[in-house]
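Structure first, then comments.
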Amino acid sequence: MLLNRKIPLSFLLADIKKETIGVFILTNLLFVLRHYIGLEILSVPIAIPALLGTGISLLLAFRTNQSYERWWEARNIWGSIVNDSRTLIRQLLTFLPEKSIEISRVAARRQVGWCYVLGHSLRGQPTQSLLDAYIPAQDQIHNPVHPPLAILQAHANQFRQLYQEGYLTDFQLIQLDSTLSRLTDAMGRCERIKNTVFPKTYTFYLQVFILLFTALLPFGFVEDLFFIEVPVVTVIAAAFFLIEKSAIRLQDPFENRPTDTPVHTIAQGIERSVYQLVDLPLPEHQATPQTYYTL
Numbered sequence: 255m256l257l258n259r260k261i262p263l264s265f266l267l268a269d270i271k272k273e274t275i276g277v278f279i280l281t282n283l284l285f286v287l288r289h290y291i292g293l294e295i296l297s298v299p300i301a302i303p304a305l306l307g308t309g310i311s312l313l314l315a316f317r318t319n320q321s322y323e324r325w326w327e328a329r330n331i332w333g334s335i336v337n338d339s340r341t342l343i344r345q346l347l348t349f350l351p352e353k354s355i356e357i358s359r360v361a362a363r364r365q366v367g368w369c370y371v372l373g374h375s376l377r378g379q380p381t382q383s384l385l386d387a388y389i390p391a392q393d394q395i396h397n398p399v400h401p402p403l404a405i406l407q408a409h410a411n412q413f414r415q416l417y418q419e420g421y422l423t424d425f426q427l428i429q430l431d432s433t434l435s436r437l438t439d440a441m442g443r444c445e446r447i448k449n450t451v452f453p454k455t456y457t458f459y460l461q462v463f464i465l466l467f468t469a470l471l472p473f474g475f476v477e478d479l480f481f482i483e484v485p486v487v488t489v490i491a492a493a494f495f496l497i498e499k500s501a502i503r504l505q506d507p508f509e510n511r512p513t514d515t516p517v518h519t520i521a522q523g524i525e526r527s528v529y530q531l532v533d534l535p536l537p538e539h540q541a542t543p544q545t546y547y548t549l
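Numbers 255 to 549, taken from this note's numbering, label the letters of the sequence shown in order.
So, in structure tokens, the structure goes:
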């Protein structure tokens, strides 16, 4: 996730270099043909690119809004994961006898592991090292098909055992299971965002319209702007390309990019708060954010 810090220009312009250079070359070519060779016929009424640009602006606004909604939904889901993770451990501390603190600590490590494993799974990263670090050996989770779900089932198995041993009442078991259900729901909502591809045809058509607009724009500048003409056309075209690329970056919040939902950083926050509840020392792997973004 981008932070409220100075963002390098190279990051902002990285995805539009080719398009911008193409518009710059085309505009320079038309400038030379019109002003030095005298081909004044290479022009169109400015109303044509103006109308096209107005329509594209509306489409871009809708496109950006839809992409931001996907990103914001992912952030809201991880906000609920923070709350439910704390709730789960707090419930255990409340329901279990004070002398059973080690049970709560095992569950706390497992829950923190679940948060890290879920984030890595959504980004397509390996999870076995996290399973080895956070999940107790007795849970017997080794190379599962769906690691986050296996961890939640390990939670459920532990709670069932505590219930059978008389540590939990019927009501307390129901409350814990309700919290696990909310975590399962949050996991499924993240996977829905990850696995639902934004309509490619919509993206393709919009890109075609933007290319058409930027190709027509130099032909519409028939006024005598002279040397200002090239930079003005290039900047206008770059603005359209930049907005469209920004929407593409936002639409997929689990791709391990600076514009992602910062699942790893959120998991670190959960680790700090949950370990505080059970009086566990923080591990040394707590990473600091990058210069202008956090993952």
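Ideal placement from N, C-alpha and C gives every residue a C-beta, glycine not left out.
Within 10 angstroms of its Cβ, does residue i collect 16 or more other Cβ (buried), or is it exposed?
{"i": "Ala-521", "result": "buried"}
{"i": "Gln-392", "result": "exposed"}
{"i": "Ser-435", "result": "exposed"}
{"i": "Gln-418", "result": "exposed"}
{"i": "Ile-464", "result": "buried"}
{"i": "Glu-225", "result": "Here the chain comprises residues numbered 255 to 549, so residue 225 is not present and cannot be evaluated."}
{"i": "Gln-365", "result": "buried"}
{"i": "Asp-225", "result": "No statement about residue 225 is possible, as the shown extent of the chain runs from 255 to 549 and does not include it."}
{"i": "His-409", "result": "buried"}
{"i": "Val-286", "result": "exposed"}
I'd like to check one pair, residue j with residue i: are the Cβ atoms closer than 9 Å?
{"i": "Phe-473", "j": "Leu-283", "result": "no"}
{"i": "Leu-536", "j": "Tyr-322", "result": "no"}
{"i": "Phe-221", "j": "Thr-274", "result": "The structure shown has nothing for residue 221, since the chain only spans 255 to 549."}
{"i": "Pro-512", "j": "Tyr-546", "result": "yes"}
{"i": "Asp-431", "j": "Phe-413", "result": "yes"}
{"i": "Ala-492", "j": "Leu-267", "result": "yes"}
{"i": "Ile-357", "j": "Leu-416", "result": "yes"}
{"i": "Ile-389", "j": "Val-532", "result": "no"}
{"i": "Gln-382", "j": "Asn-510", "result": "no"}
Beta-carbon within less than 7 Å of residue i's beta-carbon, same chain only, minus the 5 sequence neighbours each way: which residues are those?
{"i": "Phe-349", "result": "Leu-422, Gln-426"}
{"i": "Leu-534", "result": "Arg-359, Ala-362"}
{"i": "Ala-404", "result": "Ile-395, Pro-398"}
{"i": "Arg-443", "result": "Ile-331"}
Report the residue from the options whose alpha carbon sits nearest the alpha carbon of residue i.
{"i": "Gln-429", "options": "Leu-346, Gln-530, Ile-524, Gly-523", "result": "Leu-346"}
{"i": "Gly-420", "options": "Pro-351, Leu-403, His-400", "result": "Pro-351"}
{"i": "Ile-490", "options": "Val-286, Ile-310, Pro-299, Ile-261", "result": "Ile-310"}
{"i": "Leu-457", "options": "Arg-443, Ala-493, Gln-320, Ser-354", "result": "The amino acid occupying residue 457 in the given sequence is Thr; Leu does not appear at that position. It is Gln-320 whose Cα lies nearest to the Cα of Thr-457."}
{"i": "Asn-558", "options": "Tyr-529, Pro-507, Arg-526, Ala-501", "result": "With the chain covering only 255 through 549, there is no way to say anything about residue 558."}
{"i": "Phe-467", "options": "Gln-415, Val-277, Asn-258", "result": "Val-277"}
{"i": "Glu-445", "options": "Leu-263, Tyr-290, Ser-375", "result": "Ser-375"}
{"i": "Ala-501", "options": "Thr-381, Ala-301, Trp-326", "result": "Trp-326"}
{"i": "Ile-482", "options": "Ile-270, Ser-527, Thr-281, Asn-510", "result": "Thr-281"}
Sorted by chain position, which residues of the same chain lie with C-beta nearer than 8 Å to residue i's C-beta, five sequence neighbours on each side aside?
{"i": "Leu-437", "result": "Ile-335, Asp-338, Ser-339, Leu-342, Trp-368, Leu-406"}
{"i": "Leu-460", "result": "Ile-310, Leu-313, Leu-314, Arg-317, Glu-498"}
Near residue i, what residues of its chain come up, given a Cβ to Cβ distance below 6 Å and the 5 sequence neighbours on each side ignored?
{"i": "His-518", "result": "Gly-373, Leu-549"}
{"i": "Leu-471", "result": "Pro-303, Val-487"}
Looking at the C-beta of residue i, does it have a partner C-beta in chain D at a distance below 9 Å?
{"i": "Gly-373", "result": "Here there is only one protein chain, and chain D is not present."}
Mind checking whether the beta-carbon of residue i lies closer than 8 Å to any heavy atom of the ligand GTP?
{"i": "Val-532", "result": "In the structure on display, the ligand GTP does not appear, and there are no ligands present to speak of."}
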